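First residue of the sequence shown? That's 52 in our numbering, and the numbers climb one at a time after it.
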Amino acid sequence: MQIYSFSPFGYEGNLVSVEVDIRRGIPAIDIVGLADGAVKESRERMKSAIRNSGYEFPSERVLISLSPADLKKEGAGFDLPVALGVLCAAEASSPKKSGGALLDQKALVMGELELSGAVRPARAVNAAVWTAAAAGIRRCVVPAANADEAMEVPGMKVFAAENLREAFSALFDDSSFSGARVPSDDSLPPGSEEIEGVFFPSLSESASFGELFGQKELVRACQIAAAGGHNLLAFGPPGCGKTLALQNFGALLPLLTVEEARSVTRIHSIAGLMPRGQGLLRKAPFRQPHMSASLEGLCGGGASCRPGEASLAHNGVLFLDEAAEFKSSVLQMLRVPLESGSISLSRAGRTAVYPARFQLLMAANPCPCGNYGSDKKVCLCSSRSVEMYWKKFSAPLLDRIDIRVKVDLPDCEERERRAFSVKDLRPKIARAVRIQRERQKTRNARLGPAEISLYCRLGKEAKEILDSAVLRHDFSPRAAAACSKIARTIADMEGSLEILPEHMAEAVDFRRVEGVLA
């Protein structure tokens, strides 16, 4: 039995071969292979775990080699593979001990050991199992708490270990390994509902627009953004409801496809954020970092290149509340992943590339005091302070925001109107999402120039509206393309094959707003 473990680094990581040699000499345990402090401490943990599990620890000199030797090994996830390596080496030297034969195959093993021999959860199990499967390894022994995420890898046989004794016994019995699940886009996940062939998470009281009154334009903008995956900026005075609407934006998003969920699950597994008993993460991520977030916190970093908020929001939403209060360098960093859909991190001569194709939502006040442009309140900000406030965003960043909506305080009559219902908003979103998946396999917001020419063909009247807007508002080529993509989304929501003039007119209105962005 050849035992492998996993060393997380970036999105990919590396397999680590665990070799154990028991030889005559003064009893001692030596670990070679550039191990960090946590790995070196596994000597004492696994020694106690072996004895407390009812096995005899070898009285000879034990040499443990972790290769490749020039790769730094980190974390406590090496406890279980090292312990099994020692037991397998002892078994090989005394084949009559167990009365059975070890499986003559490779196996991935991960897990932290308690002194009692119980197996604790490990980080990056999903990424490790995918890497092992790509290398031709078909068996893995993982902690029971991580078994569900390992079971999602096709072709892998998984054993969920509660303790060291169970894990070692599994190496003699192939039938103890369970086959992987094969998820399907057509299967209805528990606690979800189906609308026009698209699955949505179940409605909850915490995810609704029940307290949002009179903001019809803002809710319409959210509906279009959710249907097409468009970036959105909402700005207005304090208390107008922009933050409330965007915080509940996740209720409008459909569940991820299996392909989308696999990359999301891998990233969250690497970050150590997988809930216990969770397999594929089908619900779209919704990340809301605090305005004090650092550049490394948003893009990722550290010695092992852990994912940041931008990567954790992959295939989901990154919401920046009070966006103008974020550091300018943090905001400008978003320009690259918004364009490329990935983030490249370099540390100590190694490079890691994380997927980061997220939908950016931003909420901001019109000025530092929040009263700029108000008819009822006085703005205390100078023109210079307002200018510096909006300069934090920069024109290149704002140009990548497809939908901009100015939100005003609702009047008394609007506050008495019926609140908006997520249940009423979802059908048009489902229709648009289904059409996009069948037509181009991606969201409208991600269409490239060639795809825009193919899928966003404009009639004469719609093209005249767009050309007029380009001249009147001095739209950039990216802004003109955004109008076409928004109009395509609106047409999909209505089930229209063609982009009609009214679709383009609404798209132009959401791209260009009067006020501080004029």
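Glycine included, each C-beta is placed from N, C-alpha and C at the ideal position.
As the structure is a prediction and not an experimental result, all values here were calculated from the model.
Limits of the beta strand (DSSP E) - the one that residue i falls within
i	result
residue 194	190 to 194
residue 70	65 to 74
residue 55	53 to 58
residue 268	Per DSSP, residue 268 belongs to no beta strand (DSSP E); it is in the alpha helix (DSSP H), 267 to 279.
residue 405	401 to 406
residue 81	79 to 83
residue 209	208 to 212
residue 204	Residue 204 -> no beta strand (DSSP E), and no H or E assigned at all.
residue 456	454 to 457
residue 576	Since the displayed the chain opens at 52 and closes at 569, residue 576 lies outside it and no answer follows.
residue 160	157 to 160
Close beta carbons around residue i, own chain, < 6 Å, minus the five adjacent residues each side
i	result
residue 172	194, 196, 197
residue 252	243, 334
residue 104	168, 215, 216
residue 89	126, 127
residue 132	54, 56, 69, 160
residue 181	204
residue 109	73, 141
residue 542	550, 554
Where the alpha helix (DSSP H) containing residue i begins and where it ends
i	result
residue 434	434 to 442
residue 363	360 to 363
residue 474	473 to 490
residue 200	198 to 201
residue 447	446 to 450
residue 505	500 to 506
residue 180	176 to 185
Residues near residue i by beta carbon distance below 8 Å, same chain, minus five either side
i	result
residue 396	61, 350, 351, 352, 356, 402, 403, 404, 405
residue 577	Absent from the structure is residue 577, since the part of the chain shown begins at 52 and ends at 569.
residue 534	517, 520, 526, 555, 558, 559, 562
residue 481	246, 247, 248, 249, 251, 305
residue 544	274, 275, 278, 479, 480, 482, 483
residue 450	527, 529, 530
residue 75	111, 112
Residue i classed as buried or exposed, judged by whether at least 16 other C-beta atoms fall within 10 angstroms
i	result
residue 494	buried
residue 95	exposed
residue 505	exposed
residue 128	buried
residue 48	One cannot answer for residue 48 here, as it falls past the ends of the chain, which runs 52 to 569.
residue 53	exposed
residue 501	exposed
residue 208	buried
residue 81	exposed
residue 515	exposed
residue 144	exposed
residue 241	exposed
residue 93	buried
residue 98	buried
residue 213	exposed
residue 156	exposed
residue 384	buried
residue 550	buried
residue 72	exposed
residue 447	exposed
residue 475	exposed
residue 499	exposed
residue 473	buried
Proximal residues to residue i (C-beta, below 7 Å), its chain only, five neighbours per side dropped
i	result
residue 245	239
residue 256	Only weak support exists for where residue 256 lies, its pLDDT of 46 falling under 50; the value from the coordinates is given anyway. Contacts found: none.
residue 58	64, 65, 67, 122, 124, 125
residue 332	312, 315, 316, 319
residue 178	59, 64, 317, 320, 321
residue 569	Residue placement at residue 569 is poorly supported in this model, since its pLDDT is 48, which falls under 50; the coordinates still yield a value, given next. Closer than 7 Å at Cβ, skipping near neighbours: no residue.
beta-carbon residue i near the ligand HEM non-hydrogen atom, thresh 7 Å
i	result
residue 365	Here there are no bound small molecules, and the ligand HEM is not part of this structure.
Completely contained alpha helix (DSSP H) runs for the region 87 to 142, where each covers 4 or more residues: 88 to 91, 93 to 103
Whole alpha helix (DSSP H) elements within the region 298 to 353, 4-residue minimum: 309 to 321, 346 to 350
Three or more C-beta pairs below 8 Å linking the region 359 to 366 and the region 222 to 240: no
Completely contained beta strand (DSSP E) runs for the region 516 to 566, where each covers 3 or more residues: none
Stretch pair the region 232 to 248 + the region 473 to 490: three plus CB contacts closer than 8 Å: yes
Any 3 or more C-beta pairs closer than 8 Å across the region 326 to 337 and the region 380 to 390: no
At least three beta-carbon pairs within less than 8 Å, the region 427 to 445 to the region 301 to 315: no
Inter-stretch contact at 8 Å, needing at least 3 Cβ pairs: the region 277 to 292 / the region 408 to 420: Remark: three or more beta-carbon pairs, one from each stretch, lie closer than 8 Å, so the region 277 to 292 and the region 408 to 420 are flagged as touching.
At least three beta-carbon pairs within less than 8 Å, the region 309 to 320 to the region 477 to 486: Result no; under three Cβ-Cβ pairs closer than 8 Å.
Unbroken stretches of the beta strand (DSSP E), 3 residues or longer, contained in the region 366 to 424: 368 to 371, 393 to 398, 401 to 406, 410 to 415
Continuous beta strand (DSSP E) assignments of at least 3 residues falling wholly in the region 222 to 250: 243 to 246
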